[in-house]
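Chains as they are written, first to last, in the working numbering: chain L, 105 to 247; chain E, 49 to 491.
Just so you know, even glycine gets a beta-carbon here, dropped at the ideal spot from N, CA and C.
Inspection log for the structure reproduced underneath, given as structure tokens.
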Amino acid sequence: MKIQQLSLFAENKPGHIAAPARLLAQESIDIRALYLADTQQYGIVRMIVSDWQKAAALLEAHKFVVKITEVLAVEVPDRPGGLADVLDALDGTGINIEYMYAFPYSRSKQAILIFRFADPDAAIARLQIAGINLLASEELLKI
Amino acid sequence: MNSVLETSVTDCHPASVPDYTPASQLRHLQLQRLRSVVTRAWRQVKLFHSRMDERGLVPEDICSIEDIAKLPFTEKSDLRDTYPFGLFASPMKDVVRLHASSGTTGKPIVVAYTQEDVDVWTSVLVRCFAGCGLHRGDIIQIAYGYGLFTGGLGAHYGAEGLGATVVPTSVGHADRQIMLMKDFGVTAMCCTPTYFLHLIERAAELGVNMKDLPLRTGVFGAEPWTESMRKHIEEASRIEAFDIYGLSEIIGPGVGCECRMHQGLHIFEDHFYPEVVDPTTGAPLPDGTEGELVLTTLSKQAMPMIRYRTRDITMLLPGQCECGRTLRRIGRIGRRSDDMLIIRGVNVFPSQVESALLQIEGTLPHYQIVLTREQELDQMEVQVEVTPRMFNDKIGALQGLHDKLQNALDRVLGIRVQVALVEAHSIERSQGKAKRVIDRRTS
Chain L
105 MKIQQLSLFA ENKPGHIAAP ARLLAQESID IRALYLADTQ QYGIVRMIVS
155 DWQKAAALLE AHKFVVKITE VLAVEVPDRP GGLADVLDAL DGTGINIEYM
205 YAFPYSRSKQ AILIFRFADP DAAIARLQIA GINLLASEEL LKI
Chain E
49 MNSVLETSVT DCHPASVPDY TPASQLRHLQ LQRLRSVVTR AWRQVKLFHS
99 RMDERGLVPE DICSIEDIAK LPFTEKSDLR DTYPFGLFAS PMKDVVRLHA
149 SSGTTGKPIV VAYTQEDVDV WTSVLVRCFA GCGLHRGDII QIAYGYGLFT
199 GGLGAHYGAE GLGATVVPTS VGHADRQIML MKDFGVTAMC CTPTYFLHLI
249 ERAAELGVNM KDLPLRTGVF GAEPWTESMR KHIEEASRIE AFDIYGLSEI
299 IGPGVGCECR MHQGLHIFED HFYPEVVDPT TGAPLPDGTE GELVLTTLSK
349 QAMPMIRYRT RDITMLLPGQ CECGRTLRRI GRIGRRSDDM LIIRGVNVFP
399 SQVESALLQI EGTLPHYQIV LTREQELDQM EVQVEVTPRM FNDKIGALQG
449 LHDKLQNALD RVLGIRVQVA LVEAHSIERS QGKAKRVIDR RTS
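Laid out in structure tokens, this is it:
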């Protein structure tokens, strides 16, 4: 259920995301999801890509500092309350969300929530009990 | 009588009399004092004694002032290695004051004064101020830092010794400095030249024209500055700006100072014997040749320094000054032979930055120090490359790392610096040795 996410350190300056994006494009690696967390000085680019091992090796070969983290992808109906239902399932369990991001995909009226949990195994167990649909890596990439 | 003496009445403070000692008499006094200080250090300071032994020397081998070249050098690292009290030649009960300044790594270097030393220090500063044309009746604002730094208290005692009125503001609080300069009718300012530039700018913002103030003299030191800076300061504030030189290891400010001729800095060589040596070989260089300034304290009790390597590059100026002083002069100091940086008057070594980074990271990340000047104040940024080991994809964790680095640097350096986390391999690698310092401070 765990999905490998690639994180990159980038200074908050023009052009600093273009370079890794170009590299991935050249190797036909598809970016399925991307989220940029930024401060005034620097940012962290978080990506889910079609081939994370190849992408990591490629970026590292070009001197980028890359970190692989495990995240969970949760599929919810794209309607008001979709996110709240998932959060309700976690409420009171002490399971801590480090960060999250979300994107809709209109064809099936679903939305995908990407979570990084402090304890992903506990989160998986809890979300499965609550009947929440977790996507495996292949499923996410097929979207 | 010397015509200059007749015309510049303000220079004739009684403390300034030694400034005019005939050269032959001065050399005789220096030899006497040198023999006495060498004997004292040889008896009291283990490190010095053993270095004399290594060379087969005893104090009696000093028969002429030129024999000083036989003596071993003292280095800044000797102060660090004997931290805190290893070079003291007086028992602690005779030490009335301790000061400290930054060393090359985490530990500071310590300097000590007996009452006699404090009195000598005061007397040389009186001579500095008198040479700048200041006297009783002047109101002198001391905006050097007070505390462990020798600048504030040194200048303070000197200004009081002169009989002037002292306004001990210490450094910082520019608006208040300017208000007091104006309200108290301050006639002389003592601070680092860059701080004074900052005050000029700030005064303009506050609608205060420095030219309208009674201020007429500035005594600036603790960092190298240039003729173009002097010109700018003098034009912007209509004062006469003087360069004062000193270092804690020798006594603090007051080792030397310009007179009104502004043709180099007179060294108070009845107390501090100057030599200029080749920085690589240590061989003495003739007057007029640039090299490293080496100073020997001729009268210091608590902590004599024999042939201390200042790392300041200058030359002994040949000939006598038109002011009539017999004291030899050094050229203004523009650079150093080591990698010490002077930032807002504070000594900083890149090695201190390394030790702070090591403390936090365990290994040394690639880093670079970038110096700039903003609003006339030195700014120091330490750029640290984010290594895979340091990188964490949570903003909070990176911010935490940033803050930890920031705090460690502030603690070790004693001044506020900016930390910037930068991408790996973004700092330019020069061939072999990394270029650790980029100095973008102009003027």
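Cβ neighbours of A117 of chain E within its own chain (closer than 8 Å, five residues either side excluded): E323 and P332. In this structure, DSSP gives Q311 of chain E a state outside helix and strand, which the three-state scheme calls coil. Note on geometry: alpha-carbon atoms of L194 of chain L and F219 of chain L lie some 12 Å from one another. Scanning chain E for C-beta atoms nearer than 9 Å to the C-beta of I148 of chain L yields F439, N440, D441, K442, I443 and L446, reported in chain order. At a cut-off of 8 Å, the C-beta of A472 of chain E has a neighbouring C-beta in chain L. Close CB contacts of M105 of chain L within its chain, under the 7 Å cut and outside five residues either way in sequence, are with L176, I228, L238 and A240 (chain order). For P327 of chain E, the nearest beta carbon of chain L is not closer than 8 Å to its own beta carbon. G220 of chain E has its alpha-carbon roughly 13 Å from the corresponding atom of L228 of chain E. With fewer than 16 other beta carbons inside 10 angstroms of its own, K279 of chain E counts as exposed. Rounded to the nearest whole angstrom, the C-alpha separation of R175 of chain E and P301 of chain E is 12 Å. For a Cβ distance threshold of 8 Å, nothing in chain E lies close to K106 of chain L: the least Cβ distance comes to about 15 Å.
Collapsing the DSSP output to three states places E202 of chain L in a strand. Within the segment 188-266 of chain E, the complete beta strand (DSSP E) segments of 3 residues or longer fall at 213-215 and 236-239, listed in chain order. In the structure shown, Q157 of chain L adopts helical secondary structure according to DSSP, grouped into three states. Contact annotation, V485 of chain E with P398 of chain E: C-beta distance approximately 6 Å; criterion of less than 8 Å satisfied. In the DSSP assignment, E282 of chain E falls within the unbroken alpha helix (DSSP H) covering E275 to S285. One alpha carbon belongs to F290 of chain E, the other to G266 of chain E, and they sit about 6 Å apart. If you check the CB distance, M237 of chain E and Q189 of chain E come in under 8 Å. Just so you know, the alpha carbons of G367 of chain E and V85 of chain E end up roughly 28 Å apart. From the beta-carbon of V434 of chain E, the residues of chain L found nearer than 7 Å are F113 and V169. Among the residues of chain L, none has a CB under 9 Å from the CB of A117 of chain E; the nearest is roughly 53 Å distant. Nearest Cα to G255 of chain E within the set E:K230, E:Y243 and E:G269: E:K230. C176 of chain E: member of the alpha helix (DSSP H) spanning Q163 to G179, first to last residue.
The beta-bridge partner set that DSSP reports for Q431 of chain E consists of E:Q416 and E:A468. Annotation: K483 of chain E is outside any alpha helix (DSSP H) and is labelled neither H nor E by DSSP. Residues are counted here when their Cβ sits less than 8 Å from a Cβ of chain E; for the segment 184-218 of chain L these are E202 and Y203, given in chain order.
When C-beta atoms of the segment 208-225 of chain L are compared with those of the segment 172-187 of chain L, three or more pairs fall below 8 Å, so the two segments count as touching. Classified as exposed, P262 of chain E has fewer than 16 neighbouring CB atoms from the shown chains inside 10 Å of its CB. In summary, no residue of the segment 395-412 of chain E has a CB separated from any CB of chain L by less than 8 Å.
Exclusion of the five residues before and after I236 of chain L leaves V178, V190 and A193 as the residues of its chain whose Cβ lies within less than 7 Å of its Cβ.
Taking the C-beta atoms as reference points, G444 of chain E is found no nearer than 8 Å to H314 of chain E. Residue-level contact check: A468 of chain E touches chain L, since one or more beta carbons of chain L fall below 8 Å from its beta carbon. In the three-state reduction of the DSSP assignment, V190 of chain L falls in the helix class. The segment 95-125 of chain E contains no complete beta strand (DSSP E) run of 3 or more residues.
Excluding five sequence positions before and after K483 of chain E, the CB atoms of its chain that fall closer than 8 Å to its own CB belong to Q416 and E476, given in chain order. For the C-beta of Q145 of chain L, the chain E residues within less than 7 Å are, from N- to C-terminus, A468 and L469.
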